[in-house]
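All residue numbers for the sequence shown refer to the numbering used here, where the first residue is 131 and numbers rise by one.
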Amino acid sequence: EVLDYFELGRYAIDFSALSAQSLWDEFEAFAAGEKDIRAAICLHYDEVLQSSRQNIVYARRVLDDILAEKARRPVGTPLDYNDPDRYIGNYLACRKAYALDETIRENSASGGVVTAFLCWLLKTGRIDGAWVTRSEIRDGRLGYHTFIAVTEEEIRSASSSIYMDMPLLKHIDIVRKFPGRVAAVLTPCAMRGLAGLMQRDDALADKIVLRLGLYCSGNHSPKATYLSLEQAKVSLDHAVRMYYRRGHWRGKAGVLYEDGSEKTFSYAKTVCAYKNAYFFECGRCMTCQDHFAAAADISFGDIWLKEMKKEPIKHTGCVIRSRQALELYQAAVDDGAIVSSHISGRDVLRSQKRALMFKFACAPAKHREKGAEGKCKWNLRLAYYLAGKNRAFSEKHYDSLRRIPHIVIYYYMCFIRVLLSF
131 EVLDYFELGR YAIDFSALSA QSLWDEFEAF AAGEKDIRAA ICLHYDEVLQ SSRQNIVYAR
191 RVLDDILAEK ARRPVGTPLD YNDPDRYIGN YLACRKAYAL DETIRENSAS GGVVTAFLCW
251 LLKTGRIDGA WVTRSEIRDG RLGYHTFIAV TEEEIRSASS SIYMDMPLLK HIDIVRKFPG
311 RVAAVLTPCA MRGLAGLMQR DDALADKIVL RLGLYCSGNH SPKATYLSLE QAKVSLDHAV
371 RMYYRRGHWR GKAGVLYEDG SEKTFSYAKT VCAYKNAYFF ECGRCMTCQD HFAAAADISF
431 GDIWLKEMKK EPIKHTGCVI RSRQALELYQ AAVDDGAIVS SHISGRDVLR SQKRALMFKF
491 ACAPAKHREK GAEGKCKWNL RLAYYLAGKN RAFSEKHYDS LRRIPHIVIY YYMCFIRVLL
551 SF
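Encoded structure:
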């Protein structure tokens, strides 16, 4: 069978008819045909190698199924790792990846795949522009700038996450007026709204050729950022841009100034602490279960797995939902823009475990997923209770919250995360 892949099946010898003379004759014919044999091997080598590599993918899928069966959740476990579709939505494939270009990864929150993918789409003519958003600081006030990027430099300028509530759909006219094909990058709630607009507007649907969603555990008011900056003693005077998170694993936050200087500070003990303790969280996010942007063609987010922390390069998680997105993604991988490998749906759930525990298991029964019967575990009830109290307290008692040292908030956040871990 292997010889047939190279169109050399005629050189296989049936053992039932094997004799010393037939072996000698066949070998002489083989030696005489060396030039043609070498040419056939060279001609088919790459495609046979690629086919062989697929065996690794198939074996991994079988192993995933076996491991999932062994790990079938006991009664009372909040998340069902054997049914990823319940949480992820319909999907074709899951991948873990990173941008091959190190300069892209340096300014990204995770592996830089969104930026690398958009740059590749633009470079290869698949799109004429990308609808992206970046933070912006004017006169010492935090804001955002959403626009259609038409160069790789503009796409790169919008790398890194923004942990702030932004009504991006009110800017939809910039897409409608753009004379070309667009890829849109949005959070889950905005992506659902965009999908609805595209269903009612054929011209808009024709213009947006690819929808890129971002994993989202919840949006927050700008107060969360202002308080984080205050606690870190970082000023916005003469600042032009804020990077919420860059670098390996949780990374650093930083503010870029007009003179080109930058001041960095701990993301984990400031922005992350307030965000993951649910201070300043938008009310609608407390019961939203669209974590993976189900309306997108392809979704991206962090991979918070212990084993991934050991990797020298941080990876991005990818959930691919449409055939077109899969073909474009694979073409970008084949061109060398992205380095990619398989990840199971089960591991995708594990990588976002605490966020999913909150979204699917903590909420009151009327907000919980369909089929999640039974009494919620005490630790999850407590986590949801504290989250609600924290959100209300931050909105009503901002000055009181300012007086609490951020290190206290950090350890309080850690306690809530522990509650969401089992």
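Glycine is no exception: its CB is placed at the ideal position from the N, C-alpha and C atoms.
Ignore the nearest five residues each way along the sequence and tell me which others in residue i's own chain have a CB closer than 6 angstroms to its CB.
| i | result |
| --- | --- |
| residue 314 | 261, 338, 341 |
| residue 228 | 241, 443, 445, 469 |
| residue 86 | Nothing about residue 86 can be reported from this structure: the residues present for the chain run from 131 to 552 only. |
| residue 187 | 472 |
| residue 267 | 366, 369, 370 |
| residue 381 | 375, 397 |
| residue 455 | 427, 428 |
| residue 159 | none |
Excluding five sequence neighbours on each side, which residues of the same chain lie with their C-beta closer than 7 angstroms to the C-beta of residue i?
| i | result |
| --- | --- |
| residue 478 | 214, 218, 224, 447, 449 |
| residue 279 | 259, 260, 262, 285, 288 |
| residue 301 | 276 |
| residue 536 | 361, 399, 400, 403 |
Would you decide whether residue i is buried or exposed? Buried here means 16 or more other CB atoms lie within 10 Å of its CB.
| i | result |
| --- | --- |
| residue 425 | buried |
| residue 501 | Because residue 501 sits at a pLDDT of 43, beneath the cut-off of 50, its placement in the model cannot be relied upon, and the following sentence gives the value as read from the coordinates. Classification for residue 501: exposed. |
| residue 145 | exposed |
| residue 411 | buried |
| residue 293 | buried |
| residue 406 | buried |
| residue 309 | exposed |
| residue 291 | buried |
| residue 508 | exposed |
| residue 162 | exposed |
| residue 414 | exposed |
| residue 182 | exposed |
| residue 524 | buried |
| residue 250 | buried |
| residue 539 | buried |
| residue 297 | exposed |
| residue 248 | buried |
At which residues does the beta strand (DSSP E) containing residue i begin and terminate?
| i | result |
| --- | --- |
| residue 315 | 312-316 |
| residue 376 | 369-376 |
| residue 393 | 392-396 |
| residue 475 | Here residue 475 belongs to no beta strand (DSSP E); instead the alpha helix (DSSP H) covers 475-481. |
| residue 386 | 382-387 |
| residue 471 | 468-472 |
Quick check on residue i: does DSSP put it in helix, strand or coil?
| i | result |
| --- | --- |
| residue 336 | helix |
| residue 213 | coil |
| residue 343 | strand |
| residue 273 | strand |
| residue 226 | strand |
| residue 404 | helix |
| residue 421 | coil |
| residue 432 | strand |
| residue 445 | coil |
| residue 265 | strand |
| residue 181 | helix |
| residue 491 | helix |
| residue 259 | strand |
| residue 121 | The structure shown does not extend to residue 121, since the chain is modelled only from 131 through 552, so no value can be given for it. |
| residue 455 | helix |
| residue 292 | coil |
| residue 143 | coil |
| residue 426 | coil |
With residue i as the anchor, note down where its alpha helix (DSSP H) starts and where it stops.
| i | result |
| --- | --- |
| residue 235 | 232-236 |
| residue 158 | 150-162 |
| residue 539 | 536-549 |
| residue 558 | What is shown of the chain runs 131 to 552, which leaves residue 558 out entirely. |
| residue 250 | 243-253 |
| residue 132 | 132-135 |
| residue 305 | 303-306 |
| residue 282 | 282-287 |
| residue 354 | 353-361 |
Once you ignore the five residues that flank residue i on each side, which residues in its own chain have a CB closer than 8 angstroms to its CB?
| i | result |
| --- | --- |
| residue 324 | 299, 302, 314, 316, 338, 341, 425 |
| residue 274 | 263, 264, 265, 266, 292, 294, 296 |
| residue 305 | 261, 278, 312, 314, 334, 337, 338 |
TODO: Give a yes or no on contact between the stretch 536-547 and the stretch 391-408, applying the rule of three or more CB pairs nearer than 8 angstroms.
DONE: The answer is yes - the stretch 391-408 touches the stretch 536-547, with three or more Cβ pairs under 8 angstroms.
TODO: Examine the Cβ distances between the stretch 162-176 and the stretch 452-470 and report whether three or more of them are shorter than 8 angstroms.
DONE: No, they do not touch.
Open item on the list: Taking 8 angstroms as the cut-off, does the stretch 345-355 touch the stretch 413-431 (at least 3 CB pairs, one atom from each stretch)?
Closed with: Yes, the stretch 413-431 touches the stretch 345-355.
Open item on the list: Whether or not the stretch 391-399 and the stretch 353-365 are in contact is what I'm after, with contact meaning three or more pairs of Cβ atoms, one per stretch, closer than 8 angstroms; do they touch?
Closed with: When C-beta atoms of the stretch 353-365 are compared with those of the stretch 391-399, three or more pairs fall below 8 angstroms, so the two segments count as touching.
Open item on the list: With three or more beta-carbon pairs closer than 8 angstroms as the criterion, would you say the stretch 370-382 touches the stretch 502-521?
Closed with: Using a C-beta cut-off of 8 angstroms, the stretch 370-382 makes no contact with the stretch 502-521, since fewer than three inter-stretch Cβ pairs fall below that distance.
Open item on the list: Could you check whether the stretch 475-489 touches the stretch 431-438, counting it as contact only if at least three pairs of C-beta atoms, one from each stretch, sit closer than 8 angstroms?
Closed with: Touching, per the Cβ criterion.
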